[in-house]
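In the working numbering, each residue's number is its place in the sequence shown (first place is 1) plus 88.
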Amino acid sequence: MTGGAGFIGSNFVRYVLENTDYSVTVLDKLTYAGNKESLAGLDESRFSLVEGDIADAELVNELVPRVDAIVHYAAESHNDNSLSDPRPFLDTNIIGTYTLIEAARRHEKRFHHISTDEVYGDLELDDPNRFTEATPYNPSSPYSSTKAGSDLLVRAWVRSFGLQATISNCSNNYGPYQHIEKFIPRQITEVLEGRKPKLYGAGLNVRDWIHADDHSSAVLTILEKGEIGETYLIGADGEKNNLEVVELILETMGKDKTDFDHVNDRPGHDLRYAIDSTKLRTELGWQPKFQDFEAGLKATIDWYTANRDWWSSAKAETEAKYAEKGQ
89 MTGGAGFIGS NFVRYVLENT DYSVTVLDKL TYAGNKESLA GLDESRFSLV EGDIADAELV
149 NELVPRVDAI VHYAAESHND NSLSDPRPFL DTNIIGTYTL IEAARRHEKR FHHISTDEVY
209 GDLELDDPNR FTEATPYNPS SPYSSTKAGS DLLVRAWVRS FGLQATISNC SNNYGPYQHI
269 EKFIPRQITE VLEGRKPKLY GAGLNVRDWI HADDHSSAVL TILEKGEIGE TYLIGADGEK
329 NNLEVVELIL ETMGKDKTDF DHVNDRPGHD LRYAIDSTKL RTELGWQPKF QDFEAGLKAT
389 IDWYTANRDW WSSAKAETEA KYAEKGQ
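Put into structure tokens, the structure is as follows:
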């Protein structure tokens, strides 16, 4: 699998090792978003880490013949970073995906591509609809547009070359091992360091939250049961606006729920994401287990509280970057 030292990737590695008898080889470039410590303590008889770039065709073609399937998590993924420097998103999300699907085609390997609901653009706050597999793509940032491009590459390789592939588009993940530049861990660590959380604009933007373990179980289900050529949307009916999430973090951490700062909004900030995962549930029998967002958020807060060593070294640099943008 690619990107296994990142947030949702490392959670997937742990989930697979705990719930199956599979062995996992991780290919990860170990950029700022990848952390070896997220994979610490794993059974080395069933797990190995290779440091390298998914766009390195020679390395990819050396590794692919050794495995039965490729699960492609690796991506440049932070919207704010894509707005300030789009080029890495093209290199990783487009060229990297091309390199992997070419290797999978050449060596006739099963391929699963991890993507995002952000490829569909956004919904109005009062729209009764949700994204489905038939929703047209309408990306709004360099990040989401390169992810849309990578999805389309996979679809084209399935149709033109017979690639044995599936795709999943997931809503916003939360849980342990997420980089502190992201919304929920940023707010938690701000409180832990004695500062106020930061809320973009009025905080009315809605995200459909899913625990990383539920994402992992869905991906494993698709890998084992999914129909080749199909796309599956992964969601857990967890719609909440950013204001609600910040207030809940503050209350859970024993603070006044109004004790936060408003900061400059993100350019082109999508209003609302919402996933309809009916196809995944009815056709493959998947169900999320972590549907109590408050309980999942409390467990996430507890993890960041207990694991300061994992995130503290990156905190100052992360906040300095936000400060430059007035965020």
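Ideal Cβ positions, reconstructed from N, Cα and C, are used throughout, including at glycine.
Quick one: residues in its chain with C-beta nearer than 8 Å to the C-beta of residue i, no 5 flanking neighbours on either side, listed in chain order?
i: VAL155; result: THR113 and LYS197
i: ALA93; result: VAL114, ASP116, LEU118, GLY122, ASN123, LYS124, SER126, LEU127 and LEU137
Can the beta-carbon of residue i be found less than 7 Å from the beta-carbon of residue j?
i: ILE182; j: LEU251; result: no
i: ARG354; j: TYR288; result: yes
i: VAL159; j: MET89; result: yes
i: LEU372; j: THR309; result: yes
i: TYR298; j: GLY326; result: Here residue 298 turns out to be Ile, not Tyr, going by the sequence shown. Cβ distance < 7 Å, so ILE298 and GLY326 count as in contact.
i: ALA411; j: ASN99; result: no
In the DSSP output, which residue or residues are listed as bridge partners for residue i?
i: ALA253; result: PHE199
i: TYR262; result: HIS299
i: VAL294; result: ASN329 and ARG360
i: THR119; result: For THR119, which the question treats as bridged, DSSP gives no partner whatsoever.
i: ILE189; result: For ILE189, which the question treats as bridged, DSSP gives no partner whatsoever.
i: THR90; result: LEU115 and HIS160
i: LEU321; result: ASN257
i: VAL351; result: TYR288
i: LEU137; result: VAL114
i: PHE219; result: ILE363
i: THR204; result: CYS258
Who are the near neighbours of residue i in its chain, counting only those whose CB is closer than 6 Å to its CB and skipping five residues on each side?
i: LYS117; result: ASP141
i: GLY97; result: GLY91 and TYR161
i: SER170; result: PHE177, SER229, PRO230 and TYR231
i: ARG360; result: ASP210, LEU211, LEU213 and VAL294
i: PRO153; result: HIS195
i: ALA191; result: VAL148, ASN149 and VAL152
Going along the chain, which residues of its own chain have a beta-carbon closer than 7 Å to the beta-carbon of residue i, five neighbours each way excluded?
i: LEU368; result: ALA306, TYR320, LEU321, ILE322 and TRP374
i: GLU312; result: none
i: ALA236; result: VAL207, TYR225 and PRO227
i: LEU151; result: THR113, LEU115 and VAL138
i: GLY356; result: SER228 and SER229
For residue i and residue j, which I take to be in contact (beta-carbon distance under 8 Å), what is that distance rounded to the nearest angstrom?
i: ASP302; j: LYS377; result: 6 Å
i: THR393; j: ILE268; result: About 13 Å separates the two Cβ atoms, so there is no contact after all.
i: PRO273; j: ILE337; result: PRO273 to ILE337, Cβ: 10 Å. No contact.
i: ASN352; j: LYS413; result: 7 Å
i: THR340; j: LEU385; result: 6 Å
i: SER111; j: PHE135; result: 7 Å
Taking Cβ positions only, does residue i come closer than 7 Å to chain B?
i: VAL294; result: Here there is only one protein chain, and chain B is not present.
By alpha-carbon positions, which one of the options ends up nearest to residue i?
i: LEU292; options: LEU211, SER228, ARG283 and ARG175; result: LEU211
i: THR185; options: LEU137, LEU241, PRO176 and ASN260; result: LEU241
i: ILE363; options: HIS350, ALA222 and SER248; result: ALA222
i: HIS195; options: ARG218, VAL207 and PHE249; result: PHE249
i: ILE255; options: TYR265, SER238, PHE271 and GLN266; result: SER238
i: ALA383; options: TYR410, VAL333, LYS345 and GLU412; result: VAL333
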